[in-house]
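S.K.: In my numbering, the protein residues as written are 1078 to 1254. The beta-carbon is built from N, C-alpha and C at its ideal position, and this holds for glycine as well.
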Ligand code: HEM
Ligand code: HEM
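1) Is the closest heavy atom of ligand 1 to the C-beta of residue 1183 under 6 Å?
2) Is any non-hydrogen atom of ligand 1 found closer than 6 Å to the C-beta of residue 1153, if you look at the structure I gave you?
3) Is there at least one non-hydrogen atom of ligand 1 closer than 6 Å to the beta-carbon of residue 1107?
4) Pull up the CB-CB distance for residue 1161 and residue 1243, whole angstroms please, since I reckon it's below 8 Å.
5) For residue 1213 and residue 1182, which I take to be in contact (beta-carbon distance under 8 Å), what is that distance rounded to the nearest angstrom?
6) At a cut-off of 6 Å, is residue 1120 close to ligand 2 when judged by its beta-carbon and the heavy atoms of the ligand?
7) If we call anything under 7 Å between Cβ atoms a contact, is residue 1095 one with residue 1131?
8) Could you tell me whether any non-hydrogen atom of ligand 2 is closer than 6 Å to the CB of residue 1246?
9) Enumerate, from N- to C-terminal direction, the unbroken beta strand (DSSP E) stretches of 3 or more residues contained entirely within the region 1102 to 1188.
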């Protein structure tokens, strides 16, 4: 088995794009914006929609990952590196799910579903940090970002320093042989 299942490959790259949109849009555009800014509601609505699409894709991805065959570990003879890689992969799943859970925690505490989608007409709280899950969302955001950087550096190291064509494992093509 030379590559991951094509469905997992597609899901890997689509969720990556959505995650970048949520991470960059959330931290650079949405969080610094005051809750009294009229544009904030639109931002939060879009952020919640993207977050929930990510949730659906991550569940699908987990199911495909658990049910499909995948290639053997990339470092056949380095057990420590194999262990580190699989821990990083598990961590990526875990932190994405924690990001979604803490996002939902904040949203429910602030009654956002009713405000953003139910037309309740209530105003946003002055600052989401009055709710504990908001702090969790920030901490997990930092940890997830670090893990993603580590993952990308490792993938590029394999590809361009070790020259073992690791990226091909996460791309489409013949899987057997
Ligand atoms: C994997 C999915 C998600 C990612 C990557 C993500 C990312 C982010 C980031 C980077 C921030 C800004 C953090 C900061 O600078 O402190 C943020 C804020 C926030 N997110 Fe998410 N988020 C996700 C899912 C969700 C979901 C599902 C919800 C709600 C149902 C949500 C609700 C919020 C709220 C309410 C804020 C606070 C905005 C503010 O402080 O003004 N997030 N998110
Ligand atoms: C939001 C960003 C990303 C996340 C959350 C992520 C997550 C993951 C996860 C969890 C796996 C293990 C396979 C699976 O269970 O699905 C994986 C594999 C892989 N990823 Fe990413 N990834 C991201 C971005 C990237 C980027 C930008 C690259 C390329 C530079 C990349 C290259 C790879 C490669 C080559 C593999 C296969 C590794 C192997 O065969 O051991 N990923 N990724």
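M.R.: Put simply:
1) Using a cutoff of 6 Å, the CB of residue 1183 counts as near ligand 1, since one of the ligand's heavy atoms is closer than that.
2) No, Cβ of residue 1153 sits at least 6 Å from all heavy atoms of ligand 1.
3) With a cutoff of 6 Å, residue 1107 counts as near ligand 1, since its C-beta is closer than that to a heavy atom of the ligand.
4) In this structure, residue 1161 and residue 1243 do not form a Cβ contact; the two beta carbons are roughly 14 Å apart against a cut-off of 8 Å.
5) Between residue 1182 and residue 1213 the Cβ distance is about 7 Å, and since that is below 8 Å, they are a contact.
6) For residue 1120, the distance from the CB to the nearest heavy atom of ligand 2 is not below 6 Å.
7) Yes, the Cβ-Cβ distance between residue 1095 and residue 1131 is below 7 Å.
8) Yes, ligand 2 has a heavy atom inside 6 Å of this Cβ.
9) Counting whole runs of 3 or more residues, the region 1102 to 1188 contains no beta strand (DSSP E) stretch at all.
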